[in-house]
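Notes to accompany the following structure.
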Amino acid sequence: MTSASNLGLLNDDQVASFIINGYIIVEPDLAADYHESIISALREMPENPGGHIVEALPEIIGVLEDPKVKGALTSLLGQKYVRDPGGHIHMNPPLTRGQPWHQDERFGRGHQDRDVDHIRQLMFMYYPQDVDAEMGPTVLLPGSHRRISSPESMVTLVNLRGQAFSIVKAGSVLLTHYDIWHAATGNKSDRVRYMIKFPLSRTQENNEPSWNHDPTSLPAVRQRLDGEHPSLLSRNEYETDHALRVRTWNNIAGTAAMPLQSGEHLGGPWPVSGGATTASRQRRDMPQLG
Ligand SMILES: O=C(O)CCC(=O)C(=O)O
C-alpha cells in the first residue's frame, strides 16, 4: 500500500508511486465515530441526493478538509485545486452484480481525450465503512490511466491481470487519476457498501513541486519511473509507458523536471529462455489495494 505521510504533503516516492500506479490510499486523522456518523446519515437518507451531496451530508466536508487528504490533493493537483461540480454516492446493496470495466466519462471532452502524461483531475472515493472482499469493493487496474480505451472495447472484459481491490479500513480515501480503469464489483455479502465519489481538478500549472520535494531523491524516482510496471504491458506499451511517466513528472514538477531521455529502462538482467520479456520481467504482483 502507498499511504500519505502524517505531515500531509506527499514525498517524492509517494508522488512517483501515484504516477506509476494511478492511485493512493489516504487514511484521514478523523475518529472512528466520525465515519460512523456518516454511515448513520447515509442509512437515514430517503433517497440518493444526486450531485447535492454536500447539502445532504455536510459532514463530508470534514473528510475533504482533513490535513492528510488536503496534503495529498495539494501534492497531486497543486495549491489551488478545486472540487468540480457533481459527485455521486455509490450505494452497492447486497447481491448487486458487478459493473463492467470503464474509465469515467470526460464531460464535454469525450472518451478519447485522456491525460496520459499529466495529472489534471482526480477522483476522490471515500469508504465510510470497512470494506472486505465480499462487500463489492471497487476494483481498479494499476497503471491503466495511461491506456486509452473505448467503452465498447472494455465492456466484455472481466478479470484482468494485475487488478487490485479497494479492501480498505473504515474512513479510507482512495484518490485515483481520473482516467484509471475501474468498476464496482458484485456485493456477495448481506451488508450495504457505500462509497462517496467527487471529481477534483487542478486550476494552474506548477512552477515547482507542490509536494515535499527533496532534490537528492531524483535518481531513485527516475529509476522507479523507468523500471516499474504495475500491470501487464505489451512490449510496445512498455517502450512508451516509461516516457509518459517521466513526462507526467515533468508536467507537475516545474523546476524539478528531469531529462526525458535515459537508457536506464533498457538495462538490467538478460531475459532467460522461457522467461519474461523485457516488457514484463519487472512486473510486480499487486493483488489488492491496502
Ligand atoms: O461503486 C464503486 O465501487 C465504483 C463505481 C464507480 O466508480 C463508477 O460507477 O464510476
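Counting in my numbering, the sequence shown runs from 2 upward without gaps.
All residues carry an ideal CB built from backbone N, CA and C; glycine is no exception.
Quick caveat, the model's predicted, so the values are computed rather than measured.
Among D118, D105 and T241, nearest to M124 - alpha-carbon criterion: Here residue 124 corresponds to residue number 123 of the sequence shown, with the count starting at 1. Closest by alpha carbon: D105.
Strand pairing of V174, partner residues [DSSP]: On the sequence shown, residue 174 is found 173 positions in, with the first residue counted as 1. V174 is bridged to V27 and Y127.
Alpha carbon of H103 to alpha carbon of H53, nearest angstrom: On the sequence shown, position 102 is the one that residue 103 refers to. On the sequence shown, position 52 is the one that residue 53 refers to. Rounded to whole angstroms, the gap between the alpha carbons of H103 and H53 is 24 Å.
Neighbourhood of ligand 1 [Cβ distance below 6 Å to any heavy atom], ordered by chain position: H91, N93, Q100, D105, T139, H183, A185, M196 and K198
Reduced DSSP category for R84 - H, G, I as helix; E, B as strand; rest coil: In the sequence shown, counting from the first residue as 1, residue 84 sits at position 83. R84 falls in the strand class under three-state DSSP.
Rounded straight-line distance, which links the Cα of A244 to that of S1: Residue 1 lies beyond the residue range present for the chain, which begins at 2 and ends at 291; the question has no answer from this structure.
Per DSSP, the bridge partner or partners of P200: By 1-based counting over the sequence shown, the position of residue 200 is 199. Beta-bridge pairing links P200 to M124.
Contact belief for M136 with S190 at Cβ below 8 Å, rounded distance in angstroms: Position 135 of the sequence shown, counted from the first residue, corresponds to residue 136. Position 189 of the sequence shown, counted from the first residue, corresponds to residue 190. Between S190 and M136 the Cβ distance is about 5 Å, and since that is below 8 Å, they are a contact.
Beta carbon of P138 nearer than 7 Å to that of A165: Here residue 138 is taken as the residue at index 137 of the sequence shown, counted from 1. Here residue 165 is taken as the residue at index 164 of the sequence shown, counted from 1. In this structure, A165 does not lie closer than 7 Å to P138 by Cβ.
is_contact[G52, chain B] using C-beta, thresh 7 Å: No chain B is part of this structure, which consists of one protein chain only.
Residue from Q113, Q100, Q130 and R115 whose Cα sits closest to the Cα of V140: One-based indexing of the sequence shown puts residue 140 at position 139. That would be Q100, whose Cα lies nearest to the Cα of V140.
L219 CB to nearest heavy atom of ligand 2 below 6 Å: Inclusion of ligand 2 in the displayed structure is not the case, the ligand content consisting of ligand 1 alone.
Beta-carbon gap between N207 and G163 smaller than 7 Å: Here residue 207 refers to the residue found at position 206 of the sequence shown. Here residue 163 refers to the residue found at position 162 of the sequence shown. No, the Cβ-Cβ distance between N207 and G163 is not below 7 Å.
Close beta carbons around R98, own chain, < 8 Å, minus the five adjacent residues each side: What you label residue 98 is simply residue 97 of the sequence shown in a count that begins at 1. G187, listed in sequence order.
Of the listed residues V159, K198 and R225, nearest to D242 (C-alpha basis): Taking the sequence shown and counting its residues from 1, one reaches residue 242 at position 241. Closest by alpha carbon: R225.
Neighbourhood of F199 by C-beta distance below 6 Å, restricted to the same chain and skipping five residues each side: Along the sequence shown, read from residue 1 onward, the residue named residue 199 stands at position 198. Excluding residues up to 5 positions away in sequence, R84, G88 and F125 lie with their Cβ nearer than 6 Å to the Cβ of F199 in the same chain.
Where the beta strand (DSSP E) containing I90 begins and where it ends: What you label residue 90 is simply residue 89 of the sequence shown in a count that begins at 1. From DSSP, the beta strand (DSSP E) with I90 extends over H89 to N93.
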